[in-house]
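In order, the protein sequences belong to chains A and B.
For reference, each letter of the first sequence is one residue, going 9 to 801 in the working numbering.
For reference, each letter of the second sequence is one residue, going 8 to 298 in the working numbering.
Cβ coordinates follow ideal geometry from the N, Cα and C atoms, glycine included.
A quick note: this is a predicted structure, and the numbers were derived from the prediction, not measured.
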Amino acid sequence: MALDEIKIGGMGARRRRVEDNRFIRGKGNYVDDIVLQGMLHMEILRSPMAHARIKSIDVSKAYEIPGVRLVLTGEMMAARNLAWMPTLSYDTQAVLATDKVRFQGQEVAAVIADDPYIAKDACQAIVVEYEALPVIVNPLQAMASDATVIRDDKENQPGNKVFDWEIGDREATDKAFAEADVISKMELHYPRSHPSPMETCGSIADFNRATGKLTVYMTSQAPHIVRAAVAMVAELPEHMIRIVSPDLGGGFGNKVPIYPGYVISILASILTERPVKWIEDKTGNLISTGFGRDVYLKGEMALRKDGKILGMRMNTISDHGAFYADAQPSKFKIGLMHSTFACYDLPAAHLTSTGYYTNKAPGGVAYRCSFRVTEAMFFQERMIHAAADDLGMDQAEFRRMNLVKDDMFPYRTAFGFLTDSGQYEKCLNVGMEAIGYSTFKQEQEEARKRGKLLGIGISTMTEPLGAGNSREYDILGIKMFDSAELRVHMTGKAILRTGAMNQGQGHQTTWAQIVAHELGIPADDITVEEGDTDTAPFGMGTYASRSTPVAGAAVAMVSRKIRAKARKIAAHLLEVSEEDIEWELGRFYVRSNKERGVTIQDCALAAYSNMPDGMEPGLENNAYYDPPNLTWPFAAYFVKVEVDAETGVWDVLNVVAVDDCGVRINPMIVEGQIMGGLTEAYAMASMQYITFDEEGNCIGSNYMDYLLPTAWETPGFELHEVVTPCPHHPIGAKGIGECATVAGPAAFVNAVVNAVSHTGVRNIDMPMMPNRVYEALTTGKDVSGMPPVRISE
Amino acid sequence: MYPSRFGYESPKTVEEAIAILDASGGDAKILAGGQSLVPMLKLRFAAPEMLVDINNIDGLRYINVEADGTVRIGALTRHEDLEYSDELPTASPVLAAAAHLVADPIVRTRGTFVGSVCHADPQGDWAAAMTALGGHIVAQGPNGKRTIEVKDFVIGPFQNALAYNEIAIEAVIPAPKGKSTGSYLKLERRVGDFATASVAVSLDMVGDVVARAGSALAGVGGRTIDATDAVASLVGQKLTEENIKTAAEAVAAAAEPRSDHRGTSDYKRQIVKTFVIRILTGLAESSQKVA
Ligand SMILES: Cc1cc2nc3c(=O)[nH]c(=O)nc-3n(C[C@H](O)[C@H](O)[C@H](O)COP(=O)(O)OP(=O)(O)OC[C@H]3O[C@@H](n4cnc5c(N)ncnc54)[C@H](O)[C@@H]3O)c2cc1C
Chain A
9 MALDEIKIGG
19 MGARRRRVED
29 NRFIRGKGNY
39 VDDIVLQGML
49 HMEILRSPMA
59 HARIKSIDVS
69 KAYEIPGVRL
79 VLTGEMMAAR
89 NLAWMPTLSY
99 DTQAVLATDK
109 VRFQGQEVAA
119 VIADDPYIAK
129 DACQAIVVEY
139 EALPVIVNPL
149 QAMASDATVI
159 RDDKENQPGN
169 KVFDWEIGDR
179 EATDKAFAEA
189 DVISKMELHY
199 PRSHPSPMET
209 CGSIADFNRA
219 TGKLTVYMTS
229 QAPHIVRAAV
239 AMVAELPEHM
249 IRIVSPDLGG
259 GFGNKVPIYP
269 GYVISILASI
279 LTERPVKWIE
289 DKTGNLISTG
299 FGRDVYLKGE
309 MALRKDGKIL
319 GMRMNTISDH
329 GAFYADAQPS
339 KFKIGLMHST
349 FACYDLPAAH
359 LTSTGYYTNK
369 APGGVAYRCS
379 FRVTEAMFFQ
389 ERMIHAAADD
399 LGMDQAEFRR
409 MNLVKDDMFP
419 YRTAFGFLTD
429 SGQYEKCLNV
439 GMEAIGYSTF
449 KQEQEEARKR
459 GKLLGIGIST
469 MTEPLGAGNS
479 REYDILGIKM
489 FDSAELRVHM
499 TGKAILRTGA
509 MNQGQGHQTT
519 WAQIVAHELG
529 IPADDITVEE
539 GDTDTAPFGM
549 GTYASRSTPV
559 AGAAVAMVSR
569 KIRAKARKIA
579 AHLLEVSEED
589 IEWELGRFYV
599 RSNKERGVTI
609 QDCALAAYSN
619 MPDGMEPGLE
629 NNAYYDPPNL
639 TWPFAAYFVK
649 VEVDAETGVW
659 DVLNVVAVDD
669 CGVRINPMIV
679 EGQIMGGLTE
689 AYAMASMQYI
699 TFDEEGNCIG
709 SNYMDYLLPT
719 AWETPGFELH
729 EVVTPCPHHP
739 IGAKGIGECA
749 TVAGPAAFVN
759 AVVNAVSHTG
769 VRNIDMPMMP
779 NRVYEALTTG
789 KDVSGMPPVR
799 ISE
Chain B
8 MYPSRFGYES
18 PKTVEEAIAI
28 LDASGGDAKI
38 LAGGQSLVPM
48 LKLRFAAPEM
58 LVDINNIDGL
68 RYINVEADGT
78 VRIGALTRHE
88 DLEYSDELPT
98 ASPVLAAAAH
108 LVADPIVRTR
118 GTFVGSVCHA
128 DPQGDWAAAM
138 TALGGHIVAQ
148 GPNGKRTIEV
158 KDFVIGPFQN
168 ALAYNEIAIE
178 AVIPAPKGKS
188 TGSYLKLERR
198 VGDFATASVA
208 VSLDMVGDVV
218 ARAGSALAGV
228 GGRTIDATDA
238 VASLVGQKLT
248 EENIKTAAEA
258 VAAAAEPRSD
268 HRGTSDYKRQ
278 IVKTFVIRIL
288 TGLAESSQKV
298 A
C-alpha cells in the first residue's frame, strides 16, 4: 500500500521547520557559540577617514597592555604577501591597509589578545597618523576628469572607472525609437542599503602546526568557494583546509564575499599557533561588509499609441565602493541587470552600464536577489508605471497587453534569456480580483473628495533564478552547478549532504521532503547536513535563489540513483526480474501481484546484509546537477496605500501577493519566504537606506540610524498562489526566496506615486520618507534621492 | 561592542548611593534603566570609572496620584509603568499619550521616566512632556533634597542641573488648575525611533475655558524646546478654530529645526503646526461634548 505523502512529510507537506526546534530553544550553534581550547580573540581597528594616506602606525602602546598577543598591520601582511587578496569579481581588495585607506571602516590593524575587551582597549591604543585626501562619495564625483584616483594601487587603472559594459541590439532599438508614437522616460536612484543579517560576520581560525591542517569556522554562504580561495591566497594545499559554516544567523548576500577579517584571523592563528576568534560588531558589519544596490538607473521606452511597447533603452551607473568585491557570474559585469523586462514582450532593447569606484565600503552584493535583478526589476516596474500613465492607460491593462502570453513559451527575451513557462495573465487576474481592482478608481475619487489620498500600485515580474547552467555561469571560472550526496543506512534512515548552505531557508526541512517524495523514506528519518567542506560534496553555496533550482534538483537526482539501485535489490528480494517491478511511494511490488512487495527500508537492509551476487554493497550515491536553464518564477504584487496630505506619512492598507514558483515543496516555508521578502520590500520603500555625508562618513552605522522595520509597522500580507511547474527541473520547482524583495519595492512606490499623481509627480526615490512624500505633494515635482545628498544645511 | 573597564556598585539605599557618588569626585555615573547609558558605554562614547546601579534601592518605583491631582513618579518607574497605568489617562493625559510613543516595547520595560529626563536628549520625549506640564524634579544630595523646575533642570543637550553627587529621586507634575487635558503626538520613522518632531500640549480646563496652557517640543532643536509662551494666548479663552491656528503657528515658530535627512526645517515646522492643530482640535471637540 502506497504511503500518504503528506504524512511522511513529502512534497506539499506543511512540515514544521526542523531547524526551529533548536533555534527557539537557544540551542543553535553559531560561530560565536564555538569555544576552542586556548582560543584568542581578535578585534579590528578601522579607519575613521574615508580617504587618507597612512603616514605612520605606532602599535607600541598596544603591546604595553597585558594580555595582548599580537598586533597585525598592513606592513606585516605585506611581508607575507597577504596585504591584498583577490575578490570574486577579478579585482583586488586590501586586507589591512598599507598605502592608504579608501573608505570609512576599512581595516587598518588587528589586535589578538586574551579576551575581546583587551583587544578593543589595545585597538584604541594604536596611533595612526593619516593625511586626508579628497573624498569621493558618488559616481558623479568619481567620473569627473580631475577626480582623485582611488585605486592608485592598480596599474592601468583608468580614473575611477571599474567597467564599461553593454548588451542588446543598439540598431534595432534605435529603429524602434524612430517608429515610436510616444517616448516615455524614467530616471531614478536605487539607494544603497545593507543586508544586515542578525548575526554579523565572524570566524575562528584554527591552524594546527602538528597536523598542518587549517580549520576555519566561519559565516559563509559559500564555504566551498572560500576553501578554493584560501588555497589560492594562503598557499595551503586544499586538502589541508577545512571550512565549516555552522548555523548562520541570516546572510542575504552579505556573507558571500570573503572579508579581510577572515583572512587576518587565519594568519593570526598561523602565527600564534592558537585558535583565533573574530566576531565583527554591528557597526563593523554595517560600515565595512557588502552593501546592496546603489545604482543610478535611467531609461526610455518606445511606445505605440495603442500601448504596445516597441523598445527600451537603458543605462546604469553603479557605485561599487573602493573595491569591486561582490560576486557575479564572470561574463556579466552588472550581474543579471539585463534580465530587466523579461516578462514583457519587448522586441528590442539595449543596455549600457558603467561602474565606478568611490570612497565607500565595497560591495554591490546581491542583497537577497539574483545578481542585481532587484535593481533591474525595480526600474522595470517604475518605467512601466510611468509609461502607462504617460499613455493615459490603465496600469493593469497596459501590463496585460504587453506581458508574454502563455502560448509564447519558450520565449527569447530582447537581451537573450530564455523564459520557459508561466501564466502571467492569470496571476494578474487573481491579484486584481483579490485587491478589488475594478472598484478602486471609484473608491479613490470618492476618497479624494473627502480629502483622503488613496493609491494603488502593481508590480509584475519574472526573474532569472538558480544560476547557472555551466555554459554561461561561473564565478572565478568555477562553473555554477551544485551537488548532493545521500547515504541510506541499513535501517532505512539516511543522511543527506549538499553543496548549498542553509542560512534560514530551511534546507534541513525541505531537502528531506524531496528525498521523502522520491524514496518514501519519512522526512523525519533523514538528517541533512551542509557547510563542512570536509564532508559535504563540492557546491557553489546558497544565494541568488539557487538552492532549490540547483542543489534541490541534485537532491532529487541522487534520490533517483538510490531508487534505481534499490530496484535491483528489490528484484533480488522478490525473485523476479527488474522489468517486473513497479514503484509506488516507499515500496516496490511485483506488477502481477501488488501484494508482493518490499519497502525501501527492506531494500536498505538488504544492501548491507543480503545484496545480489556481484552487486557493490551499500546504498549511497551522489549527484552533480548542472541545470539546463535558469528557473523563471512570476510575481504579481498589489499594494494599496493611504497618504496623509498634511504630513506625507503613508499607511499600507492592503498587500496582495500572487506568486507562481512552480511546485511548492513546503508551502509554509514558501509563504515564509514571501512574507520575509515583502517585509524587506516594504523596508526599502519606506526607510531602509544608508547614506554618506560629503566626508564619506557613513550615516547608518547603527540601528538607530539604519532603520529596519519591526513587526509593529510591517503591514499584513495576503498571499495567493498559481502553479506552473518548471519544465526542466526534476520536481518542477522554481526559486522563490527572493521574488518578493525583488518585485515588492516597486509595488509600494507605484502605490504612493499613484496616490499623489494628481499633482503631476512621476517619481519619488526610495526610501519614501514622509518628508519626501510631502515634498512631492506640495511641489508637484519628482523627488530625487540622488547626490549630493545633503545631510546638514 | 565592548565597553572600557569600569567599577560597579549596587547600593541598597539612596543615602549609600549618594555617598558613593560623593566619594567618586565626579567619575561615577548612575545606572537606572541603562537604555541610554549602556549603548553609550558599548560604543565607548562614555567611559565612567564607576557605575552606581540604583536598581536595588527599594521604594523608587511608583506613580502616585495625590488627592489634588499632583502626580509623583519615582526614579525607578519604567516607561511601561506609565504606559499601563490605569490612573494616568485621567490624571495626566499628556503622559498617557506619550507613554506608548517612547522607544519600543522592549526598551520600555527597562528605561525609566526619570532617567530619560536626566539624560536630557533633545529628542527625548519625557523631557518635552514634563516641560509642557510645568513639572519639576526632586534631587537629593549629601545636603538633602531640593526641587528643580524642569525648564531649569534640562540645561542643554545631554546636560542637566544635577551636581555630581546628586540623584534625581522623583519627578513631580503639579496639580492641574481644573481638569488636566492634552496630548502628545510624535512623527517617527519607525517604532523605537527618536522623534523627527514631536509636540506636547497640556491644557488645564475649567469647563470649556483654558485655565493653564503649556507646550514643548522634541526633535526640532538642539534642546528640548519650551513653547509654553506660544500657547499662552489660549489662557482664559475657549478653543476656537481661529485661536487654535494662531497658537499652532506660534508653536511652529518657536521650533528651531535643522534640515537633515529626516526633512527640511520647513517640513518639520509644518509637522509641528499640524500636530498642534490636531491636538487642540481634538480637545476642542471633546470639551464641546462635555460642555
Ligand atoms: C532602541 C532605543 C530607542 C529609544 N527611543 C527613545 C524614544 O523614542 N524617545 C525617548 O525619549 N527615548 C528613547 N530611548 C531612550 C530611553 O527612553 C531611555 O530609557 C532613557 O533615555 C534613559 O533612561 P534609563 O533609565 O534607561 O537611563 P540610563 O541609561 O540608565 O541613564 C541615562 C543617563 O541618566 C543618568 N541617570 C539615570 N537615572 C538618574 C537619576 N535617577 N538621577 C541622576 N541621573 C540619572 C545616567 O547616569 C545616565 O547619564 C530609546 C532607547 C533605546 C535603546
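In the displayed model, tyrosine 15/B falls within a strand according to three-state DSSP. Within chain B, the residues Val198 have their CB atoms less than 7 Å from the CB of tryptophan 720/A, given in chain order. By the Cβ-count criterion, glutamine 609/A is buried, with 16 or more other Cβ atoms from all chains shown falling within 10 Å of its own Cβ.
Per the C-alpha coordinates, the member of Phe386/A, Arg505/A, Asp621/A and Cys747/A positioned closest to leucine 196/A is Phe386/A. Taking C-beta atoms under 8 Å as the contact rule, isoleucine 144/B and alanine 175/B qualify, at a distance of about 5 Å. Straight through space, the alpha carbons of isoleucine 134/A and aspartate 29/B are spaced by roughly 34 Å. In the three-state reduction of the DSSP assignment, leucine 305/A falls in the strand class, which pools E and B. Between phenylalanine 299/A and arginine 200/A, the beta carbon gap of about 5 Å places them in contact (Cβ cut-off 8 Å). Non-local beta-carbon contacts of proline 355/A in its own chain, meaning distances under 7 Å to residues more than five positions away in sequence, involve Ala184, Leu318, Gly319 and Ala422 in chain order. The beta-bridge partner set that DSSP reports for threonine 362/A consists of Asp172/A and Ile325/A. Around the CB of glycine 343/A, 16 or more other CB atoms lie within 10 Å, so the residue is classed as buried. With a threshold of 8 Å between beta carbons, leucine 194/B makes contact with chain A. At a threshold of 7 Å, aspartate 41/A does not count as near ligand 1, since its beta carbon sits no closer than that to any of the ligand's heavy atoms. By the 16-neighbour rule on beta-carbons within 10 angstroms, glutamate 246/A is exposed. For ligand 1, no non-hydrogen atom lies closer than 7 Å to the CB of phenylalanine 160/B. The continuous beta strand (DSSP E) containing phenylalanine 596/A extends over residues 595 to 598. The distance from the Cβ of leucine 716/A to that of serine 55/A is about 25 Å, inconsistent with a contact at the 8 Å cut-off. For proline 124/A, the chain B residues whose C-beta falls within less than 8 Å of its own C-beta are Tyr9, listed in chain order. When DSSP reads this structure, asparagine 167/B sits in a beta bridge with Val161/B. Each residue's CA atom was taken as its position, placing phenylalanine 340/A and cysteine 351/A some 20 Å apart.
Within the region 715 to 743 of chain A, contact with chain B at the beta-carbon level (separation under 7 Å) is assigned to Leu715, Pro717, Thr718, Trp720 and Glu721.
Legend: CB atoms of the region 677 to 700 of chain A lying less than 7 Å from CB atoms of chain B belong to residues Met695 and Thr699. Residue burial is scored here from C-beta neighbours: proline 641/A has at least 16 other C-beta atoms within 10 angstroms and is therefore classed as buried. Cβ atoms of valine 279/B and alanine 259/B come within 8 Å of each other, at about 5 Å. If you draw a straight line from the Cα of lysine 152/B to the Cα of phenylalanine 160/B, it is about 14 Å long. Excluding five sequence positions before and after threonine 106/A, the CB atoms of its chain that fall closer than 7 Å to its own CB belong to Gly82, Glu83, Ala86 and Ala91, given in chain order. According to the DSSP assignment, serine 92/B belongs to no beta strand (DSSP E), since it is labelled neither H nor E. In the DSSP annotation of this structure, the continuous segment of the alpha helix (DSSP H) that includes valine 101/B starts and ends at 100 to 106. Each of Asp414/A, Val190/A and Glu590/A was checked against the Cα of methionine 401/A, and the nearest Cα belongs to Val190/A. With a cutoff of 8 Å on beta-carbon distance, methionine 240/A and tyrosine 138/A are scored as not near each other. Apart from the 5 residues on each side of it in sequence, methionine 683/A sits with its Cβ closer than 7 Å to the Cβ of Phe725 in its chain, given in chain order.
Within the region 114 to 160 of chain B, the complete beta strand (DSSP E) runs of at least 3 residues fall at 143 to 148 and 151 to 156.
Contact check for isoleucine 274/A against alanine 237/A fails: the beta carbons are separated by 8 Å or more.
Inside the region 491 to 557 of chain A, DSSP marks whole beta strand (DSSP E) runs of 3 or more residues at positions 502 to 506 and 534 to 537, from first to last along the chain. Under the DSSP assignment, tyrosine 782/A falls outside any beta strand (DSSP E), being part of the alpha helix (DSSP H) whose first and last residues are 778 to 787. Secondary structure at alanine 213/A: strand, using DSSP grouped into helix, strand and coil.
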